[in-house]
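*Asks:* One structure, as C-alpha cells, below. Some questions next.
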Amino acid sequence: MILQRIFALVLLAVCAALAVMAWPYQAAFSYEPVGPRAYPLLMLGLMGLGLLYLAIRPTPIVRKDDEPQLDRETLIKIAACVGLLVVFAATFEPLGFILSAILVGLPMARLYGGSWLPGAIVVVGMSIFLYWLFDRVMDVPLPLGLLSVLEN
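Structure representation (C-alpha cells):
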C-alpha cells in the first residue's frame, strides 16, 4: 500500500512540475478564446485530482483473481508500447502523420495479437481517415512529411 501512495505522490509532483512549465505558454496566434494552454492544464489538473485521491484513499487497491498479473510478458508489452509512442513522437514531423502512424500502428497491432494483413488494412485505413478527419473536418493541420508532394 505504501508503494501505491509513493507512486501517486511522485506522479503528482511530476504533474505539478508540468503544470508550472505549461502555465507561461503563449502561442504566437490563436483562434481559440481560452488559448493553447487550457487543454494541458485541464488534463494535468484532472490527473492531479485522481492522483491525490490515490494518495489519500483509506484502503489499498487490491488485485482481484480474475485480473491479469503484472508479469514479465506484460511489462515487456508496456515497455514496447511506450517505445513505439516515443518513435511516433520522433517521426511525427519528418515523416508526417500518416507514415508515422503506419510505422507505429503495424507493430502495435502485432504486439496485441493482430495478424499482418487485417492489421495492415486497418492501420493504413485509420491513418488516412484520421488525417482526413483532423485536417479537413476539424481544421487541425497535421504534417504530411514525405507525402507532402501529394498535396495540391
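Just so you know, the sequence shown maps onto residues 1 to 152 in UniProt numbering. Heads up, the beta-carbon is just placed ideally off N, CA and C, and yes, glycines get one too.
1) Can you round the beta-carbon distance between Leu51 and Leu3 to whole angstroms, since I take them to be within the 8 Å contact cut?
2) Please report the distance separating the alpha-carbon of Pro94 from that of Cys15.
3) For my contact list, Leu44 and Ala22 are in at a C-beta cut-off of 8 Å; report their separation, rounded to the angstrom.
4) Could you pull the start and end residues of the alpha helix (DSSP H) that Arg136 belongs to?
5) Could you tell me the distance, in whole angstroms, from the CA atom of Ile76 to the CA atom of Val10?
6) Answer yes or no: do Leu84 and Met108 have a C-beta to C-beta separation smaller than 7 Å?
7) Kindly list the residues whose CB is nearer than 6 Å to the CB of Pro40, restricted to its own chain and excluding five residues on each side of it in sequence; keep chain order.
8) Would you check if the distance between the CB atom of Val123 and the CB atom of Ile102 is smaller than 7 Å?
9) Given Leu142, which residues of its chain have a CB within under 7 Å of its CB, disregarding the five upstream and five downstream residues?
10) Determine whether the beta carbon atoms of Ala80 and Leu111 lie at a separation below 7 Å.
11) Output the distance between the C-alpha atoms of Ser148 and Met126, rounded to the nearest integer angstrom.
12) Whole angstroms is fine: what's the gap from Tyr25's alpha carbon to Leu106's?
13) Of the residues Val20, Val104 and Leu54, which one's Cα is nearest the Cα of Val86?
14) Could you work out which residue in Gly48, Ala38 and Ile6 is closest to Ala17 when comparing CA atoms only?
15) Compare the C-alpha of Ile128 against each of Ser115, Leu144 and Phe88 and name the closest.
*Replies:* Once the coordinates are examined:
1) Counted from its first residue, the sequence shown places residue 51 at position 51. Counted from its first residue, the sequence shown places residue 3 at position 3. Not confirmed; about 14 Å, so no contact.
2) To locate residue 94, count along the sequence shown from 1; it is residue 94. To locate residue 15, count along the sequence shown from 1; it is residue 15. One C-alpha to the other measures close to 29 Å.
3) Indexing the sequence shown from 1 puts residue 44 at position 44. Indexing the sequence shown from 1 puts residue 22 at position 22. Sure, about 7 Å apart at Cβ, within 8 Å.
4) The residue you call residue 136 lines up with position 136 of the sequence shown. Neither: Arg136 is in no alpha helix (DSSP H) and is coded neither H nor E.
5) Within the sequence shown, residue 76 is the residue found at index 76, counting from 1. Within the sequence shown, residue 10 is the residue found at index 10, counting from 1. So the alpha carbons of these two residues sit roughly 23 Å apart.
6) Start at 1 with the first residue of the sequence shown, and residue 84 comes out as number 84. Start at 1 with the first residue of the sequence shown, and residue 108 comes out as number 108. Their beta carbons are under 7 Å apart, which means Leu84 touches Met108 by this criterion.
7) Translated into the one-based positions of the sequence shown, residue 40 becomes position 40. Within the same chain, and ignoring the five residues on either side of Pro40 in sequence, the residues whose Cβ sits closer than 6 Å to its Cβ are Ala22.
8) As a first step, residue 123 is located in the sequence shown; it is residue number 123 there, counting from the start. As a first step, residue 102 is located in the sequence shown; it is residue number 102 there, counting from the start. Cβ distance < 7 Å, so Val123 and Ile102 count as in contact.
9) Within the sequence shown, residue 142 is the residue found at index 142, counting from 1. Excluding residues within five positions, the ones whose Cβ falls inside 7 Å are Phe97, Tyr131, Phe134 and Asp135.
10) For the purposes of this step, residue 80 is identified with residue 80 of the sequence shown, where counting begins at 1. For the purposes of this step, residue 111 is identified with residue 111 of the sequence shown, where counting begins at 1. Yes, they are a contact pair.
11) Locating residue 148 in the sequence shown gives position 148, where the first residue counts as 1. Locating residue 126 in the sequence shown gives position 126, where the first residue counts as 1. Each residue's Cα considered, the two are about 19 Å apart.
12) On the sequence shown, residue 25 is found 25 positions in, with the first residue counted as 1. On the sequence shown, residue 106 is found 106 positions in, with the first residue counted as 1. Rounded to whole angstroms, Tyr25 to Leu106 spans 35 Å at the Cα level.
13) In the sequence shown, the residue the question calls residue 86 occupies position 86. Residue Val104 is the option with its Cα nearest to Val86.
14) Locating residue 17 in the sequence shown gives position 17, counting from the first residue. For the residues Gly48, Ala38 and Ile6, the minimum Cα distance to Ala17 belongs to Gly48.
15) The residue given as residue 128 occupies position 128 in the sequence shown. The option with the nearest alpha carbon to Ile128 is Leu144.
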